[in-house]
Amino acid sequence: MAAGEPSPPTGARIGTVRRDGRTDVFFDGAAADRLMIRRCESCGRWFAPDASGCPECGTEELDWAEASGEAVLVSWAVAHSRTADPAPLALVELAEGPWMYGRLDAVAAPREGLPLQVCFVHPDEGESYPLFKEPA
Ligand SMILES: [Zn+2]
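So in my numbering, spot 15 of the sequence shown is number 40, and the numbers just go up one at a time.
#1: Output the distance between the C-alpha atoms of Gly54 and Thr84, rounded to the nearest integer angstrom.
#2: With respect to the beta strand (DSSP E) encompassing Gly127, which residues constitute its N-terminal and C-terminal limits?
#3: Determine the DSSP secondary structure at Asp88, reduced to helix, strand or coil.
#4: Look at the alpha carbon of Ala109 and the alpha carbon of Ala133, and state the distance between them as a whole number of angstroms.
#5: Looking at the unbroken alpha helix (DSSP H) that takes in Asp50, where does it start and where does it end?
#6: To the nearest angstrom, how far is it from the Cα of Lys158 to the Cα of Asp45?
#7: Report whether the distance from the Cβ of Glu121 to the nearest heavy atom of ligand 1 is below 7 Å.
#8: Quick one: using the 10 Å Cβ neighbour count with 16 as the cut-off for buried, is Pro80 buried or exposed?
#9: Three-state secondary structure (DSSP) at Ala73?
#10: Considering only heavy atoms of ligand 1, does any lie closer than 7 Å to the CB of Cys144?
#11: Considering only the alpha carbon of each residue, which of Ala57, Arg59, Asp58, Arg63 lies closest to Arg47?
#12: State yes or no: is the C-beta of Tyr126 within less than 8 Å of the C-beta of Leu116?
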């Protein structure tokens, strides 16, 4: 990181998807409360938003499709930072199969396999992003 460049919040930097030209659809989807992930039209498999190709059939052309937003918790960690509030980060398994990283809402008793549902946070500044929380 270049000197003088402002440090983004920890949660935006570690483990989560960042807009990089290939993930525009993901962030545009998040802004519209839709969880967009990658899908291989050739073999029907689903992949994380930052996947770049299908290891099953070898195609590098993955389409975008909307996921249900249902997931289960695989692993989690709390990222501490001097400049931002602690950011719980989760690795979740989506109902469609792929694993992806995302923010975790304040879950009282996180455990492997905990059912989660995606919702979306729309900050005043910066990108909308998915937040995984316990279903109501
Ligand atoms: Zn494929």
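Ideal Cβ positions, reconstructed from N, Cα and C, are used throughout, including at glycine. Everything numeric in this text was worked out from a predicted model, so none of it was measured.
According to the structure data:
#1: 24 Å
#2: Note, Gly127: beta strand (DSSP E), 124-129.
#3: strand
#4: 21 Å
#5: Sequence inspection shows Val at residue 50; the Asp mentioned does not correspond to that position. First-last of the alpha helix (DSSP H) with Val50: 49-56.
#6: Their Cα atoms are separated by approximately 26 Å.
#7: no
#8: exposed
#9: Residue state, collapsed to three classes: coil.
#10: no
#11: Arg63
#12: It is a contact, given that the beta carbons lie within the stated cut-off.
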